[in-house]
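Data first, discussion second: the structure below is written as structure tokens.
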Amino acid sequence: MSSTLQLAEQLIARPSLTPSDSGCQALMAQRLTAMGFHCETIVSGPADFSVTNLWAKRPGALLESAHTAINFAAKPKTLVFAGHTDVVPTGPLAEWHSAPFTPTHRDGKLFGRGASDMKVSLAAFVVAIEEFIAANPNPQLNIALLLTSDEEGPANDGTVVVCKALVARGETIDYCIVGEPTSVERTGDMIKNGRRGTMSGKLTVKGIQGHIAYPHLAKNPIHLVSPALAELVGVEWDKGNAFFPPTTWQMSNIHGGTGASNVIPGSVVIDFNFRFSTESTPESLQSRLTRVLEKYELEYDLTWTVGGLPFLTTPGTLVGAVQEAILAETGIVTQLSTTGGTSDGRFIAQICAQVIEMGPPNATIHKINEYVAVADIEPLKNIYRRVLENLDRQARA
Numbered sequence: 000m001s002s003t004l005q006l007a008e009q010l011i012a013r014p015s016l017t018p019s020d021s022g023c024q025a026l027m028a029q030r031l032t033a034m035g036f037h038c039e040t041i042v043s044g045p046a047d048f049s050v051t052n053l054w055a056k057r058p059g060a061l062l063e064s065a066h067t068a069i070n071f072a073a074k075p076k077t078l079v080f081a082g083h084t085d086v087v088p089t090g091p092l093a094e095w096h097s098a099p100f101t102p103t104h105r106d107g108k109l110f111g112r113g114a115s116d117m118k119v120s121l122a123a124f125v126v127a128i129e130e131f132i133a134a135n136p137n138p139q140l141n142i143a144l145l146l147t148s149d150e151e152g153p154a155n156d157g158t159v160v161v162c163k164a165l166v167a168r169g170e171t172i173d174y175c176i177v178g179e180p181t182s183v184e185r186t187g188d189m190i191k192n193g194r195r196g197t198m199s200g201k202l203t204v205k206g207i208q209g210h211i212a213y214p215h216l217a218k219n220p221i222h223l224v225s226p227a228l229a230e231l232v233g234v235e236w237d238k239g240n241a242f243f244p245p246t247t248w249q250m251s252n253i254h255g256g257t258g259a260s261n262v263i264p265g266s267v268v269i270d271f272n273f274r275f276s277t278e279s280t281p282e283s284l285q286s287r288l289t290r291v292l293e294k295y296e297l298e299y300d301l302t303w304t305v306g307g308l309p310f311l312t313t314p315g316t317l318v319g320a321v322q323e324a325i326l327a328e329t330g331i332v333t334q335l336s337t338t339g340g341t342s343d344g345r346f347i348a349q350i351c352a353q354v355i356e357m358g359p360p361n362a363t364i365h366k367i368n369e370y371v372a373v374a375d376i377e378p379l380k381n382i383y384r385r386v387l388e389n390l391d392r393q394a395r396a
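Residues in the sequence shown are numbered from 0 upward in steps of one, following numbering that gives the first Met the number 0.
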């Protein structure tokens, strides 16, 4: 059994349902400390939803250089591996073919909750760093890990808290690899070099409740809002760009009525969400939607929640280092993509100019019988190690 597979199984065996970490970070911190990492645990959140975060950093060597006869020490670049130790609920246990927190092998696959999302990536991070440090005991790079147990939950007390702490004390990040499962069929065939923004709204349209047989004495808010909803469905919010598909608007829930078939409701509540590209802003989308509501002279309340801003890492140092590592390890020319949901990369991108996501295939994430192919595990670790080698070589150039 490889060291990566062994650590992955140890992590999967810990039932770290969000926001619980179940000792995953402590297990990893032991191995990081042995490599010279300073490990700092940051606990955040209310007592009934306590979140565990880990910031671990190993300083790189200062590279002495000469410039106009003055010796100076070049500041090392910092590469952060970021991820989460928490997992989503298992769902019905009876539908699992094996216990979700008992790592199980069948048909060349490793089964268990979190196998793909994202405990194999976490194990690959640690072992890749171990192998890199063994071969390069004095790297130029600063190497860090940022881990949270609040990625699958509300994400209020996880990565965002650590990022704020780093800013407050003046720590900077140059590159970040988030271990989210981004691949499709084989490890390395797709990486995310950005993500769309997400913004939700809750719209309450007001009417007048009444008897359905006397509509002239009532005011049906469902009828009133329907033309506005029809118009919003047809809006082209933007055309997207070379990296992002066009912004989309989708309704997720409509709630109206008392449950009785003979009562006109007094209000209707619509939940909706924007997934938006860098061509739009929260302010521009809010303004355009509000203008449609005003056009139909609706009486309404509207609240907004911006879940994350879009971010984009254009091809450059980090993307190039990852592409080169994937090609060297697998022979795959990777595809850049910004599709899919959000990740904690949205928080890190606010303090780090170059953020990508790269991990194993994602076909079974959050599903019953989640798994990762065992054949994908060592290549993933080797890609992470090769990225370290590529960036350290560039730092010395």
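Don't be surprised by glycine CBs; every beta carbon is placed ideally from N, CA and C.
Bear in mind that the values here come from a model prediction, so they are computed numbers and not experimental data.
- If the five residues before and after T3 are omitted, its C-beta is found closer than 7 Å to the C-beta atoms of A122, A123, V126, I376, E377, K380, all from its own chain and listed in chain order.
- Secondary structure at E39: strand, using DSSP grouped into helix, strand and coil.
- Counted as a single uninterrupted DSSP element, the alpha helix (DSSP H) harbouring M27 occupies residues 23 to 33.
- Beyond the five residues adjoining it in sequence on each side, C162 comes within less than 7 Å, by CB distance, of F346, I347, Q349, I350 in the same chain, given in chain order.
- In this structure, G82 sits away from M34, with a CB-CB distance that is not shorter than 9 Å.
- Minimum Cα-Cα distance from L301 among the listed residues T316, F131, D270 corresponds to D270.
- The beta carbons of P180 and S276 sit about 23 Å from each other, so the pair does not count as a contact at 8 Å.
- For the pair of segments examined, the region 189 to 206 was found to touch the region 301 to 315: the number of CB pairs separated by less than 8 Å reaches three.
- Given a length threshold of 3 residues, each whole run of the beta strand (DSSP E) inside the region 118 to 206 is given here in chain order: 141 to 147, 174 to 177, 189 to 191, 196 to 205.
- The criterion of a C-beta distance shorter than 9 Å is satisfied by D20 and S148.
- In the DSSP assignment, F346 falls within the unbroken alpha helix (DSSP H) covering 344 to 347.
- For a cut-off of 8 Å, the C-beta gap from I11 to G113 is around 6 Å, short enough to register as a contact.
- Taking C-beta separations shorter than 8 Å and ignoring five residues to either side along the sequence, the partners of S336 in its chain run T181, M189, I190, K191, N192, following chain order.
- Assigned with DSSP and collapsed to three states, D116 falls in helix.
- Under the Cβ criterion (8 Å, minimum of three pairs), the region 199 to 214 does not count as touching the region 134 to 153.
- In the DSSP annotation of this structure, the continuous segment of the alpha helix (DSSP H) that includes N381 starts and ends at 376 to 395.
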